[in-house]
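Here is the structure we will look at, set down as structure tokens.
Number of protein chains: 2
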Amino acid sequence: MNLLLLEDQDFVAADRIHLSGRRLKHLNEVHRAEAGDSLRVGRLNGLMGRGQLLRLDGQEAELQVEFDQPPPTKLPLTLLLALPRPKMLRRVLQTVSAMGVPRLILLNSYRVEKSFWQTPFLQPEAIREQLILGLEQARDTVLPEVIIEKRFKPFVEDRLGQLAAGSLGLIGHPGAYPDCPRAVEQPVTLAIGPEGGWIPYEVEKLQEVGLQPVQLGARILRVETAVTALLARLF
Amino acid sequence: MNLLLLEDQDFVAADRIHLSGRRLKHLNEVHRAEAGDSLRVGRLNGLMGRGQLLRLDGQEAELQVEFDQPPPTKLPLTLLLALPRPKMLRRVLQTVSAMGVPRLILLNSYRVEKSFWQTPFLQPEAIREQLILGLEQARDTVLPEVIIEKRFKPFVEDRLGQLAAGSLGLIGHPGAYPDCPRAVEQPVTLAIGPEGGWIPYEVEKLQEVGLQPVQLGARILRVETAVTALLARLF
Chain C
15 MNLLLLEDQD FVAADRIHLS GRRLKHLNEV HRAEAGDSLR VGRLNGLMGR
65 GQLLRLDGQE AELQVEFDQP PPTKLPLTLL LALPRPKMLR RVLQTVSAMG
115 VPRLILLNSY RVEKSFWQTP FLQPEAIREQ LILGLEQARD TVLPEVIIEK
165 RFKPFVEDRL GQLAAGSLGL IGHPGAYPDC PRAVEQPVTL AIGPEGGWIP
215 YEVEKLQEVG LQPVQLGARI LRVETAVTAL LARLF
Chain F
15 MNLLLLEDQD FVAADRIHLS GRRLKHLNEV HRAEAGDSLR VGRLNGLMGR
65 GQLLRLDGQE AELQVEFDQP PPTKLPLTLL LALPRPKMLR RVLQTVSAMG
115 VPRLILLNSY RVEKSFWQTP FLQPEAIREQ LILGLEQARD TVLPEVIIEK
165 RFKPFVEDRL GQLAAGSLGL IGHPGAYPDC PRAVEQPVTL AIGPEGGWIP
215 YEVEKLQEVG LQPVQLGARI LRVETAVTAL LARLF
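Each protein sequence line maps, in turn, to chains C and F. Take any residue in the first sequence, note its place counting from 1, add 14, and you have its number in the numbering used here. Take any residue in the second sequence, note its place counting from 1, add 14, and you have its number in the numbering used here.
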């Protein structure tokens with residue numbers, strides 16, 4: 015937790031907050047914070063600044079806070095991701111949030127096991143929890159938008175073309191394709207497949223709406239690693 | 015497991031292997047392999063090729079194998095990493111192995127908790143297990159070398175200068191430093207700090223032997239994410 019992320023209900027006055035629960039536990043056990051300490055704070059979907067710890071015990075912490083700094087900019091990116099397996103999903107949500115992806119679309123694919131759609135980690139509160147951990151890690155305040163699309167074909171045929179219009183459309187896909195471009199200057203729409211990759215039909219459908227396959231080399235990376243590597247290469 | 019990685023003791027003849035244990039379980043339960051299937055195989059620290067599954071049951075699998083392909087090239091890199099916390103260490107070892115790092119040095123730092131050095135995940139067999147998972151993921155056969163250096167100062171003062179000679183020496187470090195360079199053509203020695211970063215004294219010591227700080231932006235990334243992002247940017 016490199017940023018103490020504050021929500022509306024934490025505020026008891028415009029410059030005063032009370033904390034309990036997970037964040038208090040973290041302050042006590044990991045930061046070993048003490049009254050008088052100055053901490054980085056951010057207001058969810060708002061500015062960042064500093065907080066001074068006025069008092070802290072096992073039940074509650076009180077901080078005086080001020081906000082004067084904008085959060086870091088997001089990447090100019092819409093990321094389409096074939097739904098990863100549940101355990102990977104949680105980590106990917108944190109990574110996506112930490113890396114500054116503003117919009118994530120979780121999409122079905124032939125190689126996504128049907129059971130993955132049943133995971134409780136897809137509940138809005140569970141998604142939000144992981145996104146917040148990513149923001150706290152990276153020092154950002156703005157929650158990414160997460161969109162769930164359970165049907166590949168209608169989404170790609172009816173909506174993706176419009177979503178991707180005006181952006182560089184890319185498919186991260188191992189094979190005899192051009193290298194993933196570096197340091198691009200324009201907005202990007204990037205589609206990353208499941209373990210095992212998109213099937214040829216899916217690649218064709220994505221190509222029909224203007225996305226082009228690019229690759230990172232012969233090595234097959236886990237989804238989380240591929241996401242990070244592609245974003246670090248692109249931006 | 016995108017590659018079935020074979021060790022000397024698996025061979026019952028030059029072109030014939032018997033499998034049991036973890037890899038057999040994976041063939042049965044994840045690949046749902048059947049006799050006649052053709053699988054990608056690799057010989058540990060050797061060539062890659064194909065294996066044909068001759069028979070398979072709950073006890074054992076038998077494959078006929080041939081090897082005709084070199085493994086993918088490694089990155090021209092020595093990676094120095096402040097020892098991560100045990101849970102992160104296991105994932106980082108997989109990532110490092112999957113990304114093609116040939117040499118990893120796990121180093122002490124002021125911000126590495128002493129207890130991290132006690133983890134059973136630092137035992138040679140435990141390290142090897144994670145490295146092999148990374149090779150199986152990425153389709154590589156060559157184990158990275160992992161060196162453990164429990165003392166920062168003597169290692170940096172007495173050995174790092176020589177190790178890093180002739181390479182581009184970099185420190186991944188958040189702050190007002192130049193951007194991490196892209197698509198470099200020469201060998202690199204890259205030092206990545208612990209959660210919370212190297213302390214100023216450590217940065218100075220690394221600078222004294224020719225390493226220069228570079229950064230990836232305002233976002234603070236987890237160690238595993240930082241490793242992947244820096245390597246994807248550099249190579």
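Idealized CB from N, CA, C, for every residue including glycine.
{"query": "Contacts that M15(F) makes with chain C (C-beta to C-beta distance below 9 Å)", "result": "Chain C residues near M15(F): none, gap ~10 Å exceeds 9 Å."}
{"query": "Cutoff 8 Å; reference E209(C); Cβ partners in own chain excluding five residues on either side", "result": "P98, R99, R125, R236, V237"}
{"query": "For A27(C) and L103(F), the rounded distance between their alpha carbons", "result": "42 Å"}
{"query": "Residues of the region 48-73 of chain C whose Cβ lies closer than 7 Å to any Cβ of chain F, in chain order", "result": "none"}
{"query": "Alpha-carbon spacing of Q132(C) relative to K164(C), whole angstroms", "result": "11 Å"}
{"query": "Buried or exposed (CB count within 10 angstroms, at least 16 for buried), R196(F)", "result": "exposed"}
{"query": "Contact between the region 108-125 of chain F and the region 16-30 of chain F (3+ Cβ pairs under 8 Å)", "result": "no"}
{"query": "C-beta atoms of L118(C) and P90(C) nearer than 8 Å", "result": "no"}
{"query": "Those runs of the beta strand (DSSP E) which lie wholly inside the region 70-101 of chain F and span at least 3 residues", "result": "75-83, 91-96"}
{"query": "Buried or exposed (CB count within 10 angstroms, at least 16 for buried), L68(F)", "result": "exposed"}
{"query": "Within chain C, partners of T203(F) - CB distance below 9 Å", "result": "Within 9 Å Cβ-Cβ: nothing; T203(F) doesn't reach chain C, min ~19 Å."}
{"query": "H32(C), enclosing beta strand (DSSP E) - first and last residue", "result": "30-33"}
{"query": "Beta-bridge pairing of T109(C) - partner residues as DSSP gives them", "result": "Partner(s): none; T109(C) has no beta bridge."}
{"query": "Bridge partner(s) assigned by DSSP for V170(C)", "result": "Looking at the DSSP assignment, V170(C) forms no beta bridge with any residue, so it has no partner."}
{"query": "CB contact below 8 Å: G114(F) versus chain C", "result": "yes"}
{"query": "Buried/exposed call for D154(C), threshold 16 Cβ in 10 Å", "result": "buried"}
{"query": "Assumed close pair L136(F), L95(F) - CB separation to whole angstroms, cut-off 8 Å", "result": "Not quite, the Cβ-Cβ distance comes to about 13 Å (not below 8 Å), so this is no contact."}
{"query": "CB contact check: L118(C) to chain F, cutoff 8 Å", "result": "no"}
{"query": "Rounded distance between the beta-carbons of L145(F) and L107(F), thought under 8 Å", "result": "6 Å"}
{"query": "Residues from the region 182-194 of chain F in contact with chain C, defined by Cβ distance under 8 Å", "result": "none"}
{"query": "Nonlocal neighbours in the same chain, by C-beta distance under 7 Å from L38(F), ignoring five residues either side", "result": "E74, A75"}
{"query": "Where S52(F) sits in the DSSP three-state scheme", "result": "strand"}
{"query": "L93(C) beta carbon near the ligand FMN (any heavy atom closer than 7 Å)", "result": "The ligand FMN is not among the ligands present in this structure, which contains no ligands whatsoever."}
{"query": "Interface partners of R233(F) on chain C, CB under 9 Å", "result": "P86, A112, M113, G114, Q151, A152, R153, D154"}
{"query": "Extent of the continuous alpha helix (DSSP H) to which I141(F) belongs", "result": "138-152"}
{"query": "R36(F) to A47(C) span [Cα, whole Å]", "result": "45 Å"}
{"query": "Beta-carbon spacing of Q229(F), G180(F) below 8 Å", "result": "no"}
{"query": "CA-to-CA distance, A178(F) to A72(C), given in whole angstroms", "result": "With the sequence shown as reference, residue 72(C) is identified as Gly, and Ala is not the correct amino acid for it. Answer to the nearest angstrom: the Cα atoms are 48 Å apart."}
{"query": "Which residues DSSP lists as bridging M15(C), in chain order", "result": "Note: M15(C) sits in no beta bridge, so no partner."}
{"query": "Cutoff 8 Å: A243(F) Cβ touching any chain C Cβ", "result": "yes"}
{"query": "Neighbour list for R104(C) in chain F, Cβ cutoff strictly below 7 Å", "result": "Going along chain F, no residue has its Cβ under 7 Å from R104(C), so there is no contact; the nearest lies around 13 Å."}
{"query": "Distance between beta carbons of A152(C) and R105(F), contact taken as under 8 Å", "result": "About 18 Å; that fails the 8 Å criterion."}
{"query": "Beta-carbon gap between K88(C) and V156(C) smaller than 8 Å", "result": "yes"}
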